[in-house]
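> I have a structure here, written as structure tokens, and I will follow up with some questions on it.
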Amino acid sequence: MRQTQFLHMFLVVSLAWLAFLANAEDAYRYFTWTVTYGTISPLGVPQQGILINGQFPGPPIEGVTNDNIVIDVINKLDEPFLLTWNGIQLRKNSWQDGVLGTQCPIPPGTNWTYQFQLKDQIGTFMYFPSIGLQRADGGFGALNIAQRSVIPIPYPTPFGEFTLLVGDWYKSDHKALQQSLDAGKPLPNPDGILINGRPNGFIFTGQGGQTYKFRVSNVGIATSINFRIQGHNITLIEVEGCHTLQEEYESLDVHVGQSVTVLVTLKWSPKDYFVVCSSRFTKPIFNATALLRYEGSNTPASLPLPIGPTYQIHWSMKQARTFRTNSTANAARPNPQGSYHYGTIQVARTLILANTATQINGKLRYAVNGIAYNDPDTPLKLADYFNIPGVFTLNSIQDTPPSGPAALGTSVVGTTLHDFVEIIFQNTEKTMQSWHLDGYSFYAVGYGSGQWTSDKRKTYNLVDAVYRDTVQVYPLSWSAILVSLDNKGMWNLRSAIWSKRYLGQQLYIRVWNSEKSLYTEYDAPPNVLLCGKAKSS
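Residue numbering for the sequence shown is 1 to 537, as defined by the UniProt record's numbering.
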């Protein structure tokens, strides 16, 4: 019966998609990506890496606001594979999100085509594998969205731009790391830091007197980094799609899963200058270096490296509070960003989410409000779409941290389309946390030490907080966000510390209303994969 229903639905959806494509006016960009294993040696030790079209890191996507992206992914690994698009909002289209809660994995030896639009977005983003610890082997890359020519940018046009994919790196491959976690052992410190796949030697060349845009993304799995350039101040202009007030900094902290964009003016004598990315909150501190080379330089960069912050959690928190939205700038579409007065909207629901390390069945797990997430065999999105019982239960996680021991479960928060929600991330652990919400940007309104209480709302920035997709939470501290749930679908809310996500620190938010319309959410794409209980009987 389900097979007959699906075939009928397939024809209907195919016609709808064809009509949608026929009426679309925005540009299309087509990619074919072959995913393979290959030997790489980023830290001087040969190891297995995940390559895309033979490249490590993977090829960049350079798009423009509202471009349609079509990527045929050919999986030549010996295991299932998915890519997720970190920070891309995928309007009405959680089918393309590339996580196990929304999509069946691409089996080995097969291909699957992603199709999504960079709808009303600009900025610096990234993509990476979402299954297990695969992203620890590579498979990640840059996803940059330029503003349309009809929309002015709120800063002088840079002479050029550079992309930095920065992150921690382990000499062990992802399967060995997974085995260690499965055995109940937490991941150790990384073995180093990489810039564009190298610990040193990458060169960015520019003309003296010109200003360049640097796009910096933390693609690591565990470690915050600090970014700085010898002898040069950096001017922050954007975080994850949000134009910011253009403040100057000597260095910037970029936490796991986050992206920033800065301007750098080459105003000194022609020589080489060190670009440094250091690990934060680790002992020892790891450094990766690249070079900013002025054209015509015959003078190598000179030591010492520029000094970055030491452990200094409070310093980092104070810096985060200085990030403010440029409310006079246009967004990716011609309406002022500052017209959205988020601070005056009534909150419909508050979620207080506490992350904890725990033991379940004698094994290390990481829980959120007492539940360590377990992926069911059937993606939640398919179960919801086809009304398949027994896969998940709405509101199967409490809105506040409960007492009692943690347990395994499939956590889904049920919400209504257009709910305005406050989420408090309470970090009960002595290590950094970083939280990401797929499908959305949210307002990062507050950071504080210790236990969050309702009185802490007095400290929120309710005027010009940056909106972004990933927020850091400092050790034994809290962070608060406000989000308008205006993107219907099933969306992954996860720790960006990947070992903790792997062992349970994630959940899903179902944003729903009863209207059945392509104006609120697309139907399943014609090429939807079926697995688990969604397979035809």
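Backbone N, C-alpha and C define an ideal beta-carbon position, used for all residues, glycine too.
1) Does the structure place the stretch 62-78 close enough to the stretch 113-123 that three or more beta carbon pairs sit under 8 Å?
2) If you draw a straight line from the alpha carbon of Phe274 to that of Ala288, how long is it in whole angstroms?
3) Looking at Ala406 and Gln505, is the spacing between their C-beta atoms short of 8 Å?
4) Throw me the rounded Cβ distance for the Phe204 and Leu292 pair, which I believe falls under 8 Å.
5) Could you say which of Gly241, Thr211 and Glu515 lies nearest to Thr235 if we only look at CA atoms?
6) For Thr378, which residues of its own chain have a beta-carbon under 8 Å away from its beta-carbon, when the five flanking residues on both sides are left out?
7) Excluding the 5 residues flanking Asn200 on each side, which residues of the same chain have their C-beta closer than 6 Å to its C-beta?
8) Grouping DSSP H, G and I as helix and E and B as strand, with all else coil, what is Ile313?
9) Taking the runs of the beta strand (DSSP E) that are 3 residues or longer, which of them lie wholly in the stretch 11-93?
10) Compute the distance between the beta-carbons of Ala176 and His243, then report whether it is under 8 Å.
11) From Leu216 to Thr223, what does the alpha carbon distance come to, in whole angstroms?
12) For Thr400, tell me which candidate among Tyr385, Phe420 and Ile371 has the shortest Cα-Cα distance.
13) Counting only the same chain and skipping the five closest in sequence on each side, list residues whose C-beta sits under 6 Å from that of Leu187.
14) Among the candidates Thr344, Tyr249 and Met317, whose CA atom is the shortest distance from the CA of Gln433?
15) Find out if the Cβ-Cβ distance for the pair Ile313, Tyr474 is shorter than 8 Å.
16) Check each candidate in Leu503, Phe159 and Ala496 and name the one with the smallest Cα separation from Ile221.
17) Compute the distance between the beta-carbons of Phe140 and Pro57, then report whether it is under 8 Å.
18) Express the C-alpha separation of Ile345 and Asp523 in angstroms, rounding to a whole number.
19) Would you list, in sequence order, the uninterrupted beta strand (DSSP E) runs of no fewer than 3 residues that lie entirely inside the stretch 490-523?
20) Give every residue of the same chain whose Cβ lies closer than 6 Å to the Cβ of Ser449, excluding the five residues on either side of it in the sequence, and list them in chain order.
21) Since Leu266 and Asn326 are thought to touch, with beta carbons under 8 Å apart, how far apart are those beta carbons, to the nearest angstrom?
22) For the alpha helix (DSSP H) containing His255, list its first residue and its last residue.
23) Suppose contacts are defined by Cβ-Cβ distances below 8 Å. Is Gly98 in contact with Ser130 by that definition?
24) Whether or not the stretch 345-354 and the stretch 417-429 are in contact is what I'm after, with contact meaning three or more pairs of Cβ atoms, one per stretch, closer than 8 Å; do they touch?
25) Which of the three DSSP states, helix, strand or coil, is assigned to Leu485?
26) Between Ile106 and Phe81, which are expected to be in contact by the criterion C-beta below 8 Å, what is the C-beta distance as a whole number of angstroms?
27) Of the choices Pro376, Gly208 and Arg198, whose alpha-carbon is the least far from that of Leu507?
28) Would you mind sorting Trp95 into buried or exposed? The rule is 16 or more other CB atoms within 10 Å of its CB.
29) Buried or exposed for Trp85, please, with buried defined as at least 16 other CB atoms from any protein chain shown within 10 angstroms of its CB.
30) What residue does the alpha helix (DSSP H) around Tyr385 start on, and which one ends it?
31) Give the range of the alpha helix (DSSP H) segment to which Gln426 is assigned.
32) Relative to the alpha-carbon of Leu485, which residue among Lys92, Gln48, Thr34 and Arg148 has its alpha-carbon at the smallest distance?
33) What residues in its chain sit with their C-beta under 6 Å from that of Ile74, if we drop five residues either side in the sequence?
34) Are the beta-carbon atoms belonging to Val260 and Val239 less than 8 Å from one another?
35) Quick check: what's the CA-CA separation for Pro46 versus Gln134?
36) Which first and last residues belong to the beta strand (DSSP E) in which Leu181 is found?
Result, derived from the coordinates:
1) In this structure the stretch 113-123 touches the stretch 62-78; the number of beta carbon pairs closer than 8 Å is three or more.
2) In a straight line, the C-alpha of Phe274 is about 10 Å away from that of Ala288.
3) It is not a contact, given that the beta carbons lie outside the stated cut-off.
4) For a cut-off of 8 Å, the C-beta gap from Phe204 to Leu292 is around 5 Å, short enough to register as a contact.
5) Across the set Gly241, Thr211 and Glu515, the C-alpha of Thr211 shows the shortest separation from the C-alpha of Thr235.
6) By the criterion of a C-beta distance shorter than 8 Å, Thr378 is surrounded in its chain by Ile388, Val391, Cys531, Gly532, Lys533 and Ala534, once the five residues flanking it on both sides are discounted.
7) Around Asn200: Thr289.
8) Helix.
9) If we require 3 residues or more, the beta strand (DSSP E) runs fully inside the stretch 11-93 come out as 28-40, 47-52, 61-64, 68-75 and 83-86.
10) Taking 8 Å as the Cβ cut-off, Ala176 and His243 do not qualify as a contacting pair.
11) According to the sequence displayed, residue 216 carries Val and not Leu. For Val216 and Thr223, the distance between alpha carbons rounds to 15 Å.
12) If we check each option's Cα against that of Thr400, Ile371 comes out closest.
13) Spatial neighbours of Leu187 in its own chain (CB-CB distance under 6 Å, excluding positions within 5 residues in sequence) are listed in chain order as Ser499.
14) With distances taken between Cα atoms, Gln433 lies closest to Met317.
15) Yes, they are a contact pair.
16) Taking Ile221 as reference, the option from Leu503, Phe159 and Ala496 with the minimal CA-CA separation is Ala496.
17) Yes, they are a contact pair.
18) Roughly 30 Å between the two C-alpha positions.
19) Whole beta strand (DSSP E) segments, 3+ residues: 506-512.
20) So the qualifying residues of the chain are Ser477.
21) No, Leu266 and Asn326 are not in contact; Cβ-Cβ is about 24 Å, not under 8 Å.
22) Here His255 belongs to no alpha helix (DSSP H), and DSSP marks it neither H nor E.
23) Going by C-beta atoms, Gly98 is nearer than 8 Å to Ser130.
24) With a cut-off of 8 Å on Cβ pairs, the stretch 417-429 is in contact with the stretch 345-354, counting three or more such pairs.
25) Note: Leu485 maps to coil in three-state DSSP.
26) Confirmed, about 5 Å.
27) Taking each of Pro376, Gly208 and Arg198 in turn and checking the Cα distance to Leu507, the smallest one comes out for Pro376.
28) Under this definition Trp95 is a buried residue.
29) Burial of Trp85 is indicated by the presence of at least 16 other C-beta atoms within 10 angstroms of its C-beta.
30) First-last of the alpha helix (DSSP H) with Tyr385: Leu380 to Tyr385.
31) Gln426 -> not in any alpha helix (DSSP H); beta strand (DSSP E) instead, spanning Phe420 to Asn427.
32) When each option's Cα is compared against that of Leu485, the closest is Lys92.
33) Counting only Cβ-Cβ distances below 6 Å, and skipping sequence neighbours, we find Thr34 and Asn111.
34) For the pair Val260 and Val239, the CB atoms are nearer than the 8 Å cut-off.
35) The alpha-carbon atoms of Pro46 and Gln134 are separated by roughly 17 Å.
36) Note, Leu181: premise wrong, no beta strand (DSSP E); alpha helix (DSSP H) at His174 to Asp182.
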